[in-house]
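S.K.:
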Amino acid sequence: MPAPTKIRSLPDAVADLIHDGDTVAMEGFTHLIPFAAAHELIRQGTTDLTLVRMTPDVIYDQLIGAGLVRKLVFSWGGNPGVGSLHRFRDAIENGWPRPLEVDEHSHAGMANRYVAGASGLPFAVLRGYQGTDLARRTTTVSTVTCPFTGEVLAAVAALNPDVTVIHAQQADRDGNVQLWGLTGVQKEAALAARQVLVTVEEIVERLEPHPGGVVLPAWAVTAVAEVPGGAHPSYAAGYSVRDNDFYRGWDAISRDREAFSAWLGEHFPTRKRQPGSSASASASTSASVEEASAR
Amino acid sequence: MSEWTNDELMTVNAARALSTARTCFVGIGLPSAAANLARRTVRPDLVLIYESGALGAKPTRLPLSIGDGELAETADAVVSVPEMFNYWLQAGRIDVGFLGAAQLDRYANINTTVIDRGPGRPEGRLPGAGGAPEIAANCREVLMVLRHSTRGFVDRLDFVTSVGHGAGPGDRERLGLRGRGPTAVITDLGILRPDPDTAELVLTDLHPGVTVEQVRAATGWPLKTAATIGTTAPPTGAELDALRALKAAEAQTSI
């Protein structure tokens, strides 16, 4: 009996793997951001998510604005080269369309949290956070004393998402995956997760080695979906270029609640939930708000 | 009328500050413009390092994001983000970290996280830390570039995202921060540098035509001045041509 295929349609894979309340990491450092999978979450209305990502970027701005996100774990929340992520700001500052709890780190801290998760360790050690206010607002940074030198170093808790979603250039029919160019933290994010969904530009007969390529063997991947252009407005080296005009244009769309809601309605007419309609939207006050008022 | 803008003065002087650097960890925005200008003027062999994973990027135009494709295509090596932060930055291999900031205090500590908007109002949200805390901690030295205003140059930070000289001399050593910390803050009015004895930023250089009073008025603490204040050399034709060509190439890509 052949093994069941890992190649799935995107709607099926998202419905099977990602459920309400899950912790989901959708990684890709500017390059290879899995936008199509995020848009499928909007269509399916999967909600109460804890989203993890070093740079929330426009992809999470859209999910936050759509009211699907309960908590965000991140390290830099801007629109690169353009300015603010307005839906992210509106959620944190004003609780619209629902309060957003945040767990905020530095890039080095986030990268090492994934490394710990991928390594099966409870935490990672780094030189970081000393003297900053970051550690005062999170329970996932502490210190550890080196048993050999006595030096006190930062410790960050491992990240182990329920599901990590990444976009890659290619997979073969067995579900072996290859990505290249800026590969960011995707290998660590994938290996830290219990399940891994990969969208790819194309399915090829045979993966040819690329310089700097990262290969995830099929047995480390849960499902693969062929989605050409699935990283747009981010890009896939060798297939597309970054749509910088979309990133610039997002500023005006996202700045205004009505403009954003119109964008959502236009692009996702069949989505199952409206912004702010989540059952648990008012269930709890976000930690960020409590901490802010306690300062 | 002047033949250049204050922003051009800032970027040209920021590029000059890299004239002896070998490697530079580049933040997006003003630092990236300055570092790319340095490669076209005072330091053609400057190694540009972008946190997205590009070591030795040689972009032909200013990237919009730190992950634009051209950075990887022109790099000496492309590495993962954990490798970048752990092996290259944390291990102390990088000469200069070049940072911008939303708020900066007299010890060159910076805030890029939240702005206190007063009682009863929610904090204003900024993008957050990104790579800055560890860039500020681990590069051999740190340069900063930002426009001079009382909103940016504040008496007290609302949040410490990245440590410059902490609360004064000896603080970096006490905190275990191994780099020298900020050595210059280049603005559109002049240059501030830490006093060797107190670590407090003092005005050391004015751009041509700028007065001490102008700088003091744009600084949110009682700014001290160095014993002698220099004047930065006016931009050369070559510097202005290179900067304007960079900006024009950036503008073209947005059409």
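Residue numbers (the working numbering), protein chains in the order written: chain E, 1 to 295; chain V, 1001 to 1255.
Ideal Cβ placement from N, Cα and C applies to all residues, glycine included.
1) Where does the unbroken beta strand (DSSP E) through Met-1084(V) begin, and where does it stop?
2) Short of 7 Å in beta carbon distance, which residues of its chain neighbour Pro-1031(V), apart from the five on each side in sequence? Order them along the chain.
3) Once DSSP output is grouped into helix, strand and coil, what is the label at Lys-187(E)?
4) With distance defined between alpha-carbon atoms, name the residue in Trp-76(E), Val-82(E), Phe-35(E), Trp-180(E) nearest to Leu-63(E).
5) Measure the alpha-carbon distance for Arg-113(E) versus Phe-29(E) and round it to whole angstroms.
6) At the 7 Å Cβ level, is Arg-1117(V) part of the contact set with chain E, yes or no?
7) Are three or more beta carbon pairs between the region 166 to 181 of chain E and the region 101 to 116 of chain E nearer than 8 Å?
8) Straight-line CA distance for Asp-1241(V) to Ala-1034(V)?
9) At which residues does the alpha helix (DSSP H) containing Thr-1183(V) begin and terminate?
10) Which residue marks the beginning of the beta strand (DSSP E) containing Gly-1190(V), and which one marks its end?
11) CB Thr-1204(V) to CB Arg-1193(V), shorter than 7 Å?
12) Under a three-way DSSP split, which group does Ser-142(E) fall into?
13) Using a C-beta to C-beta distance shorter than 8 Å, which residues of chain V count as neighbours of Thr-183(E)?
14) How long is the line joining the alpha carbons of Pro-1082(V) and Val-115(E), rounded to whole angstroms?
15) Expressed to the nearest angstrom, what Euclidean distance is found between the alpha-carbon atoms of Thr-285(E) and Glu-101(E)?
16) Is there a Cβ from chain E that is less than 7 Å from the Cβ of Gly-1131(V)?
17) Taking 7 Å as the threshold (beta carbon to beta carbon), is Ile-1049(V) in contact with chain E?
18) Can you list, in chain order, the residues of its chain whose CB lies under 7 Å from that of Thr-1231(V), leaving out five sequence neighbours each side?
19) For Tyr-1107(V), is the classification buried or exposed, using 16 other Cβ atoms within 10 angstroms of its Cβ as the cut-off for buried?
20) I want to see whether chain V comes within less than 7 Å of Glu-258(E), judged by CB atoms only; does it?
21) By Cβ distance below 6 Å, which residues in the same chain neighbour Ser-142(E) in space, the five residues on each side in sequence not counted?
22) Which residues of the region 115 to 133 of chain E have a Cβ closer than 7 Å to any Cβ of chain V? Give them in chain order.
23) Look up Cys-1024(V) in the DSSP assignment and give the residues it is bridged to.
24) Which residues bound the beta strand (DSSP E) around Gln-200(E)?
25) When you compare the CB of His-86(E) with every CB in chain V, is at least one pair closer than 7 Å?
26) If you measure from the beta carbon of Val-33(E) to each beta carbon in chain V, is any gap under 7 Å?
27) Quick one, which of Val-185(E), Ser-9(E), Val-58(E), Phe-123(E) has its alpha-carbon nearest Arg-242(E)'s?
28) With DSSP run on the structure shown, which of helix, strand or coil describes Leu-1064(V)?
29) According to DSSP, simplified to helix, strand and coil, what is Ala-279(E)?
30) What residue range is occupied by the uninterrupted alpha helix (DSSP H) comprising Gly-117(E)?
31) By Cβ distance below 7 Å, which residues in the same chain neighbour Phe-123(E) in space, the five residues on each side in sequence not counted?
32) Who pairs with Phe-1153(V) in a beta bridge, going by DSSP?
33) For Tyr-1087(V), count the other beta carbons within 10 Å of its own beta carbon; 16 or more makes it buried, fewer makes it exposed. Which is it?
34) In the DSSP assignment, what residue or residues form a beta bridge with Asp-1205(V)?
35) Which chain E residues are close to Gln-1090(V), counting only those with a beta carbon under 9 Å from its beta carbon?
36) May I ask you to list the residues that DSSP assigns as paired with Asn-1111(V)?
M.R.: The relevant details are as follows:
1) In the DSSP annotation of this structure, Met-1084(V) is not part of any beta strand (DSSP E), being labelled neither H nor E.
2) Answer for Pro-1031(V): Phe-1098, Leu-1099, Gly-1100, Val-1145, listed in chain order.
3) Reduced to three states, the DSSP call for Lys-187(E) is helix.
4) The shortest C-alpha to C-alpha distance from Leu-63(E) to any of Trp-76(E), Val-82(E), Phe-35(E), Trp-180(E) is the one to Phe-35(E).
5) It is roughly 16 Å from the alpha-carbon of Arg-113(E) to the alpha-carbon of Phe-29(E).
6) No, Arg-1117(V) does not count as interfacial toward chain E.
7) Segments in contact, no.
8) C-alpha of Asp-1241(V) to C-alpha of Ala-1034(V): approximately 14 Å in a straight line.
9) Premise fails: Thr-1183(V) lies in the beta strand (DSSP E), 1182 to 1186, not in any alpha helix (DSSP H).
10) Element bounds for Gly-1190(V): 1190 to 1194.
11) A Cβ-Cβ contact shorter than 7 Å links Thr-1204(V) with Arg-1193(V).
12) Three-state result, Ser-142(E): strand.
13) At a beta-carbon threshold of 8 Å, the residues of chain V lying near Thr-183(E) are Gly-1053, Val-1078, Ser-1080, ordered along the chain.
14) When rounded, the separation of the alpha-carbon atoms in Pro-1082(V) and Val-115(E) is 7 Å.
15) Note that Thr-285(E) scores 38 on pLDDT, short of 50, meaning its location in the model is unreliable; the coordinates nonetheless yield the value given after this. Roughly 8 Å between the two C-alpha positions.
16) Yes, its Cβ sits closer than 7 Å to a Cβ of chain E.
17) It does not; no Cβ of chain E falls within 7 Å.
18) For Thr-1231(V), the CB contacts under 7 Å within the same chain, skipping 5 residues up- and downstream, are Asp-1205, Leu-1206, Pro-1208 in chain order.
19) So Tyr-1107(V) ends up on the buried side.
20) In terms of beta-carbon proximity, Glu-258(E) stays away from the interface with chain V, with every pair separated by 7 Å or more.
21) Excluding positions up to five away in sequence, the list reads Ala-155.
22) Cβ contacts with chain V: Val-115, Leu-126, Arg-127, Gly-128, Tyr-129, Gln-130, Gly-131, Thr-132, Asp-133.
23) Residue pairing by DSSP places Cys-1024(V) opposite Leu-1048(V), Val-1096(V) in a beta bridge.
24) A small fix is needed here, since residue 200(E) is Val in this sequence, not Gln. Per DSSP, Val-200(E) is one residue of the beta strand (DSSP E) stretching across 195 to 204.
25) For His-86(E), the answer is no, since every Cβ of chain V falls outside 7 Å of its Cβ.
26) The question names Val, but residue 33(E) is Ile in the sequence shown. False, the Cβ-Cβ gap to chain V never drops below 7 Å.
27) Ranking Val-185(E), Ser-9(E), Val-58(E), Phe-123(E) by Cα distance to Arg-242(E) puts Val-58(E) first.
28) In the structure shown, Leu-1064(V) sits in coil (DSSP, three-state: anything other than H, G, I, E or B).
29) Annotation note: pLDDT 44 at Ala-279(E) (below 50); position unreliable, no value reported.
30) Segment 107 to 119, the alpha helix (DSSP H) holding Gly-117(E).
31) Cβ neighbours of Phe-123(E) beyond the five flanking positions: Ala-116, Ala-155, Val-156, Ala-157, Ala-158.
32) In DSSP, Phe-1153(V) forms a bridge with Leu-1104(V).
33) Tyr-1087(V) is exposed by the Cβ-count criterion.
34) According to the DSSP secondary-structure assignment, Asp-1205(V) is paired through a beta bridge with Ile-1191(V), Gly-1230(V).
35) Identification of chain E residues near Gln-1090(V) by a Cβ-Cβ cut-off of 9 Å yields Ala-108, Leu-126, Arg-127, Gly-128, ordered along the chain.
36) Per DSSP, the beta-bridge partners of Asn-1111(V) are Gln-1103(V).
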